[in-house]
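First comes the structure, then the notes that go with it.
Number of protein chains: 2
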Amino acid sequence: MLENIMLGFLMQKEMSGYDLKQWMAECTSYFFDASFGSIYPALKRMEDKGYIVCRETVEGSKFKKLYSITEAGKSYFLGWLEKPITFTKSNHSYLVNIYFYNHLPIEKATANLKQFAEVLEQHMNEVNMQKEQTEKTYNTKNNFRYSTIICGIYYFQSIIDWCNDLIKHLE
Amino acid sequence: MLENIMLGFLMQKEMSGYDLKQWMAECTSYFFDASFGSIYPALKRMEDKGYIVCRETVEGSKFKKLYSITEAGKSYFLGWLEKPITFTKSNHSYLVNIYFYNHLPIEKATANLKQFAEVLEQHMNEVNMQKEQTEKTYNTKNNFRYSTIICGIYYFQSIIDWCNDLIKHLE
DNA sequence: CAGTCCATGTAAGAAGTTACATGATTCT
DNA sequence: AGAATCATGTAACTTCTTACATGGACTG
Chain A
5 MLENIMLGFL MQKEMSGYDL KQWMAECTSY FFDASFGSIY PALKRMEDKG YIVCRETVEG
65 SKFKKLYSIT EAGKSYFLGW LEKPITFTKS NHSYLVNIYF YNHLPIEKAT ANLKQFAEVL
125 EQHMNEVNMQ KEQTEKTYNT KNNFRYSTII CGIYYFQSII DWCNDLIKHL E
Chain B
5 MLENIMLGFL MQKEMSGYDL KQWMAECTSY FFDASFGSIY PALKRMEDKG YIVCRETVEG
65 SKFKKLYSIT EAGKSYFLGW LEKPITFTKS NHSYLVNIYF YNHLPIEKAT ANLKQFAEVL
125 EQHMNEVNMQ KEQTEKTYNT KNNFRYSTII CGIYYFQSII DWCNDLIKHL E
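Protein chains in written order, with my numbering: chain A, 5 to 175; chain B, 5 to 175.
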């Protein structure tokens with residue numbers, strides 16, 4: 005999956021490992037993110053496979069390794085993209101806590117849930133900011149990039165609603 | 005997190021590794037699951053730490069290793085449980101696909117999304133079955149176990165709604 | 001001139017899965 | 001009798017993160 009998302013970004017333009025990390029942080033971090041410790045080795049692997057090629061640049065005294073996607077890389081990426089989407093269960097570990105909250109005094113449970121709702125609101129705000137940014141930048145709501153952000157809003161809103169319902173029910 | 009959920013289940017009663025796996029499969033699999041390859045080593049680790057103790061039983065010719073939680077285990081578990089809930093971003097890799105769907109012919113994108121919506125419906129049905137089962141077993145809607153199932157329903161419903169909206173928008 | 005950002009990379013370790021190995025029991 | 005389920009466990013592997021190591025450029 006990491007290699008796929010990196011190839012996807014390289015479909016736009018040539019980029020460095022650092023650039024790729026920034027794109028993830030800005031655009032996909034709420035549903036996918038990676039550290040440099042996995043990005044750089046992945047670039048090396050993909051170069052070995054022939055999916056990308058490297059071009060070393062020096063601007064002034066700024067050194068950068070810019071990678072671009074090859075034809076082999078494009079066809080691999082497109083081949084992956086057209087396959088059916090696989091739904092992989094992801095660990096929502098916060099639910100593990102709440103699952104066992106019968107072992108907690110009800111006041112403590114409520115307090116923790118309220119705190120959690122606030123954290124969720126913060127994440128929601130982040131996604132909302134991404135939404136506004138995207139609207140400004142592309143001046144359209146008709147693209148898939150925008151749609152994934154909307155999904156994030158649906159997602160966070162549904163958990164926030166659930167969490168608040170639960171808190172109300174406890175009080 | 006794996007150790008915590010196992011301790012949580014052992015708060016109910018003594019269980020074998022096999023039992024723990026079944027509980028996860030039946031009750032928490034949509035938000036947390038583990039394989040035997042991680043459960044059995046975890047049991048060993050937790051026994052070493054003194055959080056659980058093992059009792060080997062033979063019923064007829066059926067051999068089982070039943071683990072129960074110790075006082076140390078209980079206090080560790082409760083200590084973890086009362087801490088603030090941490091929200092960890094989880095990888096929703098299906099969104100990585102959709103994020104790049106501008107590279108796909110619109111008909112193909114729509115077809116894949118429709119297929120994906122069906123997969124989501126199946127997962128939704130599973131959670132709904134868990135919900136009905138829990139209602140029957142406990143005859144109440146007032147517990148946290150039940151609430152986590154409701155969260156699953158909220159969650160899947162929100163993605164299904166989003167997915168269907170997106171499909172409609174494309175057509 | 002200290003702190004932050006830009007930029008690349010490695011090594012160690014965490015946390016898990018898959019596949020294998022074993023063997024009894026229960027169901028059809 | 002064969003298949004499925006019960007039951008435990010290990011070894012190899014995957015995949016990722018964290019922490020470290022390095023060094024130049026920009027900013028206040």
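We treat Cβ as the ideally placed atom computed from N, Cα and C, and that holds for glycine.
Is the shortest distance between the beta-carbon of Arg59/B and the beta-carbons of chain A less than 8 Å?
-> Answer no: the Cβ-Cβ gap between Arg59/B and chain A never drops below 8 Å.
Please list, in chain order, all residues of the same chain as Ile157/B whose beta carbon is under 6 Å from its beta carbon, the five residues on each side excluded.
-> Taking C-beta separations shorter than 6 Å and ignoring five residues to either side along the sequence, the partners of Ile157/B in its chain run Val131, following chain order.
Within this structure, are the beta carbons of Ile178/A and Glu125/A separated by less than 8 Å?
-> The structure shown does not extend to residue 178/A, since chain A is modelled only from 5 through 175, so no value can be given for it.
Bridge-paired residues (DSSP) for Val57/B | DSSP output for Val57/B lists Ser72/B as bridge partner(s).
Listed from N- to C-terminal order along the chain, which residues in the segment 106-128 of chain A have their beta-carbon within a distance smaller than 7 Å of any beta-carbon of chain B?
-> So the close ones are Asn106, His107, Leu108, Lys112, Asn116, Gln119, Phe120, Val123, Leu124 and His127.
Which term fits Phe36/A, buried or exposed, when burial requires 16 or more other beta carbons within 10 angstroms of its beta carbon?
-> Counting the other CB atoms within 10 Å of its CB gives Phe36/A a total of 16 or more, which places it among the buried residues.
Report yes if the C-beta distance between Met106/A and Asn147/B is below 8 Å; otherwise report no.
-> Just to set this straight, residue 106/A is Asn in the shown sequence, not Met. For Asn106/A and Asn147/B, yes; Cβs fall inside 8 Å.
Compare the beta carbon distance of Ser42/B and Leu11/B with 8 Å and say whether it is the shorter of the two.
-> It is not a contact, given that the beta carbons lie outside the stated cut-off.
Start and end of the alpha helix (DSSP H) containing Gly21/B?
-> DSSP places Gly21/B inside the alpha helix (DSSP H), whose first and last residues are Gly21 to Trp27.
Between the segment 61-77 of chain B and chain A, which residues of the former have CB atoms less than 7 Å from a CB of the latter, in chain order?
-> Residues of the segment 61-77 of chain B with a C-beta atom less than 7 Å from some C-beta of chain A do not occur.
Residues of chain B with CB under 9 Å from Ser39/A, in chain order?
-> The contact set of Ser39/A on chain B, defined by CB atoms closer than 9 Å, is empty, because the minimum CB distance reaches about 13 Å.
What are the start and end residues of the alpha helix (DSSP H) that includes Phe104/A?
-> Under the DSSP assignment, Phe104/A falls outside any alpha helix (DSSP H); it carries neither an H nor an E label.
Answer with yes or no whether the minimum CB distance from Glu30/A to chain B is below 8 Å.
-> Under the Cβ criterion of 8 Å, Glu30/A is not counted among the residues facing chain B.
Assign Phe36/A to one of three DSSP states: helix, strand, or coil.
-> Phe36/A: coil per DSSP, three-state reduction.
is_contact[Val100/A, chain B] using C-beta, thresh 8 Å | Yes, because at least one Cβ of chain B sits closer than 8 Å to the Cβ of Val100/A.
Give a yes or no on whether the minimum CB-CB distance between Arg49/A and chain B is below 8 Å.
-> No, no contact with chain B.
Nearest chain A C-beta to Asp165/B closer than 8 Å, yes or no?
-> Yes, its Cβ sits closer than 8 Å to a Cβ of chain A.
Leaving aside the five residues before and after Leu257/B along the sequence, list all residues of the same chain whose C-beta is less than 7 Å from its C-beta, in chain order.
-> No answer is possible for residue 257/B: it lies beyond the span of chain B, which begins at 5 and ends at 175.
Mind checking Met133/B: buried by the 16 CB within 10 Å criterion, or exposed?
-> Under this definition Met133/B is an exposed residue.
For Phe13/B, the three-state DSSP class (helix, strand or coil) = Phe13/B carries a helical assignment under DSSP once its states are collapsed to helix, strand and coil.
Option nearest Met15/B by Cα separation, candidates Glu122/B, Ile73/B and Thr61/B = For the set Glu122/B, Ile73/B and Thr61/B, the Cα lying nearest the Cα of Met15/B is the one of Ile73/B.
Starting from the beta carbon of Thr144/A, find every residue of chain B whose beta carbon is closer than 7 Å, and list them in chain order.
-> What Thr144/A touches in chain B: nothing, since even the nearest Cβ is about 12 Å away.
Consider the Cβ of Thr152/A: report whether some Cβ of chain B lies at a distance smaller than 8 Å.
-> Closer than 8 Å to some Cβ of chain B, the Cβ of Thr152/A qualifies, so yes.
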